Amino acid sequence: MGLELYLDLISQPCRAVYIFAKKNGIPFELRTVELLKGQHHSDAFAQVNPLKKVPALKDGDFTLAESVAILLYLCRKYEVPDHWYPQDLQARARVDEYLAWQHTALRNSCTRAMWQKMMFPVFLGEQVPPETLASTLAELERCLQLLEDKFLKDQDFLAGPHISVADLVAITELMHPVSAGCQVFKSRPKLAAWRQRVETAVGKDLFQEAHAVVMKAKDLPPADSAIKEKLKPLVQVLLQ
Amino acid sequence: MGLELYLDLISQPCRAVYIFAKKNGIPFELRTVELLKGMMFPVFLGEQVPPETLASTLAELERCLQLLEDKFLKDQDFLAGPHISVADLVAITELMHPVSAGCQVFKSRPKLAAWRQRVETAVGKDLFQEAHAVVMKAKDLPPADSAIKEKLKPLVQVLLQ
Numbered sequence: 001m002g003l004e005l006y007l008d009l010i011s012q013p014c015r016a017v018y019i020f021a022k023k024n025g026i027p028f029e030l031r032t033v034e035l036l037k038g039q040h041h042s043d044a045f046a047q048v049n050p051l052k053k054v055p056a057l058k059d060g061d062f063t064l065a066e067s068v069a070i071l072l073y074l075c076r077k078y079e080v081p082d083h084w085y086p087q088d089l090q091a092r093a094r095v096d097e098y099l100a101w102q103h104t105a106l107r108n109s110c111t112r113a114m115w116q117k118m119m120f121p122v123f124l125g126e127q128v129p130p131e132t133l134a135s136t137l138a139e140l141e142r143c144l145q146l147l148e149d150k151f152l153k154d155q156d157f158l159a160g161p162h163i164s165v166a167d168l169v170a171i172t173e174l175m176h177p178v179s180a181g182c183q184v185f186k187s188r189p190k191l192a193a194w195r196q197r198v199e200t201a202v203g204k205d206l207f208q209e210a211h212a213v214v215m216k217a218k219d220l221p222p223a224d225s226a227i228k229e230k231l232k233p234l235v236q237v238l239l240q
Numbered sequence: 001m002g003l004e005l006y007l008d009l010i011s012q013p014c015r016a017v018y019i020f021a022k023k024n025g026i027p028f029e030l031r032t033v034e035l036l037k038g039m040m041f042p043v044f045l046g047e048q049v050p051p052e053t054l055a056s057t058l059a060e061l062e063r064c065l066q067l068l069e070d071k072f073l074k075d076q077d078f079l080a081g082p083h084i085s086v087a088d089l090v091a092i093t094e095l096m097h098p099v100s101a102g103c104q105v106f107k108s109r110p111k112l113a114a115w116r117q118r119v120e121t122a123v124g125k126d127l128f129q130e131a132h133a134v135v136m137k138a139k140d141l142p143p144a145d146s147a148i149k150e151k152l153k154p155l156v157q158v159l160l161q
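Top to bottom, those sequences are chains Z and R. UniProt numbering applies: residue 1 is where the first sequence begins, and numbers increase by one. UniProt numbering applies: residue 1 is where the second sequence begins, and numbers increase by one.
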């Protein structure tokens with residue numbers, strides 16, 4: 001059994017891993033784990049990732065969790081073009097810096113924005129208090145400003161003149177609130193131009209393919225009570 | 001100007017970077033940045049945290065410690081295998097944070113306690129203590145004045161969620 005990638009394309013980090021593997025022609029078996037059906041809680045999946053999260057990787061007997069670790073493992077194993085994770089000391093440090101910052105910043109606010117604005121009312125049939133949503137969107141704005149000012153600046157891509165894994169991680173995050181109707185790029189021409197460059201570098205077909213699931217999330221039928229019960233712990237975390 | 005590291009040793013990630021640089025004899029200028037993040041609400045800010053909030057936080061800490069033991073450390077000597085790595089520095093400096101507040105993180109977890117001993121030995125006990133001197137004295141910080149409390153308000157909101 002070769003490389004297996006355990007993914008749900010509704011998830012931002014899964015999309016980053018998917019795009020990266022496909023773009024680089026890395027052969028893998030796609031193992032879909034449907035988060036909204038609670039499949040990540042199965043005993044079988046716990047064997048692959050005891051942290052019960054996606055993405056997860058299985059390469060023979062070697063299992064690996066955490067999207068950043070997975071992306072870097074794939075970079076090294078498959079010797080992809082240098083620009084994805086450059087050898088140059090400082091260029092690589094810029095990619096590392098973005099990858100480290102984004103977890104508790106952009107990722108956090110993009111997940112909350114998408115869930116509070118869309119998934120709660122549409123999927124869970126629950127309204128989120130307006131102040132909570134407002135606070136979440138304000139935090140998203142703050143992160144977007146940092147993304148522009150600290151990371152992108154006047155460069156073509158986040159870590160310099162070429163696309164890297166940092167751009168894949170960032171763009172898939174930003175598409176999350178976009179799927180919920182947040183006009184992330186509308187008032188931010190700099191980010192909109194960067195998005196175009198990333199889409200072109202990745203290839204528009206692959207980009208759309210990776211985002212098909214999340215862009216249809218707003219049309220999901222409401223969850224039944226069994227699912228709502230399963231998702232309760234997640235709900236509490238996302239409403240904080 | 002050579003390498004400069006901007007650190008406040010009250011911060012966990014700063015301690016990890018400090019220990020790593022010192023242990024490896026990396027020459028640097030230390031630029032201390034005082035965060036005034038004593039962040040013990042009762043001691044520094046003179047504010048009580050609702051018991052349910054604290055209980056929930058400590059439960060989450062327990063959950064993470066369990067994952068640390070079961071998923072990462074397992075039966076290994078160190079987090080990523082038989083030898084100390086940057087992962088161990090990042091983890092140990094994190095765990096010393098609740099320890100500084102009196103949380104008995106290692107008391108009921110012999111596996112983690114043994115790992116801690118191995119990390120301290122690998123780092124060197126003197127360097128480990130030097131890096132943790134600031135945070136271990138955080139409980140003795142004088143209470144913050146109102147100007148500081150005002151500055152720390154946004155942080156307070158985030159930390160009380």
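Just so you know, even glycine gets a beta-carbon here, dropped at the ideal spot from N, CA and C. Remember, predicted model here, so these are calculated numbers, not experimental data.
- For the pair of segments examined, the region 213-224 of chain Z was found not to touch the region 2-10 of chain R: the number of CB pairs separated by less than 8 Å stays below three.
- Boundaries of the alpha helix (DSSP H) harbouring R/T53: 51-67, taken from the DSSP string.
- When secondary structure is reduced to three states using DSSP, Z/K58 falls in the strand class.
- Three or more Cβ pairs drawn from the region 139-153 of chain Z and the region 100-108 of chain Z lie within less than 8 Å of each other, which places the two stretches in contact.
- Judged by DSSP secondary structure, Z/E4 falls within the beta strand (DSSP E) whose first and last residues are 3-7.
- In this structure, the beta-carbon distance from Z/V95 to Z/A46 does not fall below 8 Å.
- Contact check for Z/R197 against Z/F185 fails: the beta carbons are separated by 8 Å or more.
- Closest in C-alpha terms to Z/L206, from the list Z/L7, Z/G25, Z/G2, Z/R188, comes Z/G25.
- Here R/L112 carries a helix assignment [DSSP, helix/strand/coil].
- Distance from the CA atom of Z/G38 to the CA atom of Z/A69, rounded to whole angstroms, is 24 Å.
- Fully enclosed alpha helix (DSSP H) runs of no fewer than 4 residues occupy 89-102, 106-114, 130-146, 165-179, 189-202, 204-215 of the UniProt domain "GST C-terminal" (88-222) of chain Z, in order along the chain.
- Looking at the backbone, the Cα of Z/P86 and that of Z/E79 are separated by about 11 Å.
- Taking C-beta atoms under 8 Å as the contact rule, Z/A210 and Z/R15 qualify, at a distance of about 5 Å.
- For Z/F45, no pairing in a beta bridge is given by DSSP.
- Straight through space, the alpha carbons of Z/I10 and Z/L124 are spaced by roughly 16 Å.
- In the structure shown, Z/F28 falls within a coil segment according to DSSP collapsed to helix, strand and coil.
- Here DSSP, grouped into helix, strand and coil, assigns R/E130 to helix.
- Distance between R/L61 and R/R109, taken at the CA atoms: about 13 Å.
- Z/E173 places its beta carbon less than 8 Å from that of Z/Q12.
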